[in-house]
Each structure stands twice: as structure tokens, then as C-alpha cells.
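> Sequential numbering of the sequence shown, starting at 1, is according to our numbering.
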Amino acid sequence: MAFTLVELLVVIAILGALAGLLLPAVQAAREAARRMNCNNNFKQLGVALHNYHAAYNNFPFSRIVNDTNWRGYGPVVGMLPFMEQQAAWEMISHPHTSESGTEYVAFGGFPWSVDYTPNRFQIPTLRCPSDPAENKTIGRINYGFCYGDAARYISFYWFHPDQNRSDPAYDWLGDEAVDRGMFAWNQRKRFRDCKDGTSQTMIMGEMATFLDDRSIIGTAAVFGDRQFQTDLQQCANTYDPEHPQFYKPGQEVIGFGSFSGQSNRGRWWADPIACNTAVNTIFAPNSVSCTYSTGPGSDWYGGVYTVTSRHQGGAHILMTDGSVKFVSDSINASTKGMDTNTTVTRYAPGPVHPADIESPFGVWGALGTSDSHESRANEAEL
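1. Grouping DSSP H, G and I as helix and E and B as strand, with all else coil, what is G218?
2. Just tell me which of V327, I331 and M204 has its CA closest to the CA of T320.
3. Can you tell me the Cβ-Cβ gap for V324 and V279, rounded? I've got them flagged as a contact below 8 Å.
4. If you count every other CB in all the chains shown that lies within 10 Å of the CB of K136, and 16 or more means buried, which is it?
5. Using 8 Å as the threshold, is the C-beta distance between N37 and P129 below it?
6. Among the candidates K43, G78, Q227 and R35, whose CA atom is the shortest distance from the CA of W269?
7. Can the beta-carbon of H316 be found closer than 8 Å to that of E206?
8. Report yes or no: do three or more beta-carbon pairs, one from the segment 229-242 and one from the segment 75-94, lie closer than 8 Å?
9. In this structure, how does DSSP classify A184 when only helix, strand and coil are distinguished?
10. So, helix, strand or coil for C194, using DSSP?
11. State buried or exposed for H311, treating a residue as buried only when at least 16 other CB atoms are found within 10 Å of its CB.
12. Using the Cα positions of T198 and E103, report the straight-line distance between them to the nearest angstrom.
13. Do the segment 227-236 and the segment 282-291 touch if we need at least three Cβ pairs shorter than 8 Å?
14. Roughly how many whole angstroms lie between the Cα atoms of K43 and H50?
15. DSSP three-state label for F107, please.
16. What residues in its chain sit with their C-beta under 7 Å from that of G266, if we drop five residues either side in the sequence?
17. For A278, write down the residues that DSSP places opposite it in a beta bridge.
18. Based on DSSP bridge pairs, tell me the residues matched to N264.
19. Between E84, G109 and Q187, which lies nearest to I92 when the distance is taken from Cα to Cα?
20. Is the separation between the beta-carbon of A150 and that of R180 shorter than 8 Å?
21. Where does I14 land, buried or exposed, given buried means 16+ other C-beta within 10 angstroms?
22. Just curious, the alpha helix (DSSP H) that A236 is in, first and last residue?
23. Taking the alpha helix (DSSP H) that E93 falls in, what are its first and last residues?
24. So C194 and M182 are in contact, right, with Cβ under 8 Å, and what is the actual spacing, rounded?
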């Protein structure tokens, strides 16, 4: 029995309509699977952190350095043996000769060096499958270490206190007033430091990596001075009202893209610099991030590094007890401390302020702090 042309067109139209209805369901199912894999990656990182702590009775240093590599490495490098990445660990922790013939001492390769072989490894556990960014040269990372609700001095000098330096500044252990999270500059935190409860304190948070655009979730706005860290409203106003998923052009975002290792998030997996491997709990998930860059390395002074993801409506966080939670973009993140809070946005070391004050950034800020004697994290709808 033959079909007329009209009947054939009707059948094609019906099939097209069915395909159109089915495609979103297929895409949703695929994203659900990617989100589950992202969740599982975080669980593996939690296990690695716990095993590291079992071996050394502390969590990793925020930065590992030596005299050859002044930039140093972030915490994930020390976790490699506990992530079934022994080959990468052996290559970094021992002298290594690259394919070009360059000889590196142990821990001697800068994290941005394409020549340094381990940097080119893309470790699957460090990548969320929902993030489409490709590893063109150096492996990326989608999971940052939580420095609490501090914006200033979450990183500073690159020397750690085990090193004997003549300049007293190099021995500075950080400011107690900004020592708010489970990771802090120049300290090895332990479970015992988590006085707010391991099930209520975040230790890591998800972050989307950049896609060579001005998106607020993959990049930090770049300022030419540090005033935004004591007037956080300046940072909050960097998005484009007409395109709220992107930063607005103009002087509010100075030198965007300059020093891309400092402004593009998750760019180098081994790097200790905050924009690459740190998060804090100041703005709610998937909000803007801000950094200060007038020269290479200037974000040693810190900034706002928001938890972000390419999932719909929120992002994953890893709690100190090893559990993984999905936090909504609408979580309570009070802004009462935006303009007047000096405890978490201080300019420089000085008189010690109480480190145990309640976070001014609502339930979200409370989740990031480890020793503020808060119970507000229980209010979070996770």
C-alpha cells in the first residue's frame, strides 16, 4: 500500500515532534549520569583526604614548595598516592627528565610548564564530566579546597613555616582572623580543628573551568586594586545585567584575561594559587568571583572564589566527614557583611581579631567555617 506525499509529510512531522520531545529527556538523563559521576569523584577525593590524614595525622599543606620551585604545588599533589595516581606522584617527587631532555629536580616543575610531563596528565578524578572544557595542554581541576569565608590573605608568601628564612615575613603563619576554613595559609589542619562538626563543615567545593569567555562561573573578574575585598559590593556588581551569566565589559573588570592562570579557574591542576585550586563561601554558588591582578602572582593576596558548576541550579560540596552534598544556588548567603565586615576582609596582619565569630555570610558562610561555634549549618537545605 503506497503513501501519498501528504501522508508521508504528516508521518515525518509526527516523528520530528516525537524526537523533539524525546531529546530533552535524553539530555537530562545524560546530565544526571554526569552529575552522578561528578559526585563520585568528590567521594574519591574525600577518601583520599581521609587516608592522607590517617597516614600523616593532618590534611595536606595549602602549598608545597622548595628552593627550585618558588610557585610550589597545591594540596592535590600530596594526595596523589591516595588517589591511585602513584605514577604521577613518583614522577613529581623524584628527579625527572622531560621529553625535551630538560632535567628537573624532585618537585621542581612549575605547575604551568607544558614541558613538565606530569602537568599534562589529566587525572579523571579531578574532572567533572559536566564540564566540557578540554585539556589542550595542561590538565585541569574542577574541585577546589575551602578557605572558609575569608577574602584576604588566604594565600600570601610562598614559603611554609618548616623553612628557615631570614626575613620574618617568610615565617608569617597567617592571620588568625582569616583562618576560617579547613584549609588555611601555611597550616596543616586536622580533624580536631573542625570544632563546628565534620558533617557541618565544608572542606572542598566544585568549580567550573573557563571556556575562553567572560562567564561568571569559569572566570574571576580582575581588579586593578584590592578595594573590592573590603567593599564586596564592588565584586558583586561585576556581572552584566543584560547577560547575567557573563561579566560586563568596561573598567569594572580591569585587564580581563591578563595573567590567565590567576583569573581563569581550574586552569592548572597542580597549582596552589587560589583561583586555580581554592574556593570560599562568601557569595552563593554560581555567583561572580573576583581577583586582584596588576602583575603575575598578585592574587597571592586572596580574593572571592565562588563555588560554581555546570549543573542546573547548584553545585557539589565535599564535607569534612567525607559526605557529598548538592547545594542550591538559593542557599541563604546573607550579605550583611559586604560593606562593613573587616574580620574576613582585612588588608594586612595586625591585631588578632576573634576567629570564632559567626560568619556574616549566612548559612553558606557557616558551612565554610570550621571553628566559629556555629550551628546554623543545620538550617541549610542541602
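Backbone N, C-alpha and C fix where the C-beta goes; we use that ideal spot for every residue, glycine too.
In this structure, then:
1. Taken through DSSP and simplified to helix, strand or coil, G218 comes out as coil.
2. M204
3. Actually they do not touch by this definition, with Cβ atoms about 15 Å apart.
4. exposed
5. yes
6. Selected option, being the one with the closest Cα: G78.
7. yes
8. no
9. coil
10. coil
11. It counts as buried.
12. 43 Å
13. In short, these stretches touch, since the Cβ pair count reaches three.
14. Computed Cα separation, rounded: 11 Å.
15. coil
16. R140, I141, N142, M207, T209 and N276
17. F145
18. T219
19. G109
20. yes
21. exposed
22. L232 to A236
23. The question names Glu, but residue 93 is Ser in the sequence shown. From DSSP, the alpha helix (DSSP H) with S93 extends over Q86 to S93.
24. C194 to M182, Cβ: 6 Å. Contact.
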